[in-house]
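One structure is given below, encoded as structure tokens.
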Amino acid sequence: MGAPNLRAVALIAGDSNVRGCLHFTQDTSGTTHVTGKISGLSPGFHGFHIHSFGDTTNGCNSTGPHFNPLNRVHGPPDEVERHAGDLGNIFAGPDGVAEISIKDKQIPLSGQYSILGRAVVVHGDPDDLGRGRGHKLSKSTGNAGARVGCGILLANIFEKTKQHHFVFNVCEVTHSRFRC
């Protein structure tokens, strides 16, 4: 039997009413699955990234650049040549809610390039995936606009196991207005 899945959680907060809860699960093959919902967004596509610093002392602006441990250019999530933190776009429907389900091998929850302690950031505009011809920000940020929501990735260490018969939900304890 393989090692158990690794888990993390991020509470998203930001401009206006942007709120959400994201779950990260890394399976034994090294793939990390991101699931959750973010509400309060404008309808349409929004850039979605892992940023380098888990620092929100100045809101989402203190999270630094995209997580990029291999010093690559910005690109789409389905290409190897990209920032590790480039997760593309999420889509918010007419109600302003984005339902997220992403699988990615470049955002591990353990090891040298772990994303734990870093920040998840939602941007106000679509990410151009590094293909914005002539725009100076295309190859660094995807020209995704302002940071409208963010949260720090925290290890979800209180999971139900065979030895323990309880579940401690980090989201409910941290912010009672969130249900994860």
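Positions 0 to 179 (numbering that gives the first Met the number 0) are the ones given, in order, by the sequence shown. Every residue, glycine too, gets a C-beta built ideally from N, C-alpha and C.
*asked:* For the alpha helix (DSSP H) containing S109, name the first residue and the last one.
replied: Note, S109: premise wrong, no alpha helix (DSSP H); not H, not E.
_Measuring only the C-alpha atoms, how far is G74 from L128?_
5 Å
*V121: buried (16+ other C-beta within 10 angstroms of its C-beta) or exposed?*
buried
*CA-CA distance, H82 and D94?*
30 Å
_Using 8 Å for Cβ pairs, my map puts D14 next to G150. What's the rounded Cβ distance?_
Their Cβ separation, rounded to whole angstroms, is 13 Å, which puts D14 and G150 out of contact at 8 Å.
*Output the distance between the C-alpha atoms of T56 and T30, rounded to the nearest integer angstrom.*
31 Å
*Name the two residues that bound the continuous alpha helix (DSSP H) containing T31.*
Careful: T31 lies outside any alpha helix (DSSP H), inside the beta strand (DSSP E) at T31 to S38.
*Sequence-distant residues of its chain with Cβ nearer than 6 Å to G53 (five each side left out)*: G116, R117, A118 and I151
*Report the option in S109, G110 and I89 whose CA atom is closest to the CA atom of I101.*
I89
*7 Å CB neighbourhood of A91 in its chain, flanking five on each side removed*: L40, S41, P42, G43, H45 and A97
*Can the beta-carbon of H50 be found less than 8 Å from the beta-carbon of G84?*
yes
*asked:* Tell me the DSSP secondary structure of S100 in three-state form.
replied: strand
*Distance between V8 and G123 (C-alpha atoms, nearest Å)*: 22 Å
*Would you say C59 reaches chain D, if we count a Cβ-Cβ gap shorter than 8 Å as a contact?*
The question asks about chain D, but that chain is absent: this structure has only one protein chain.
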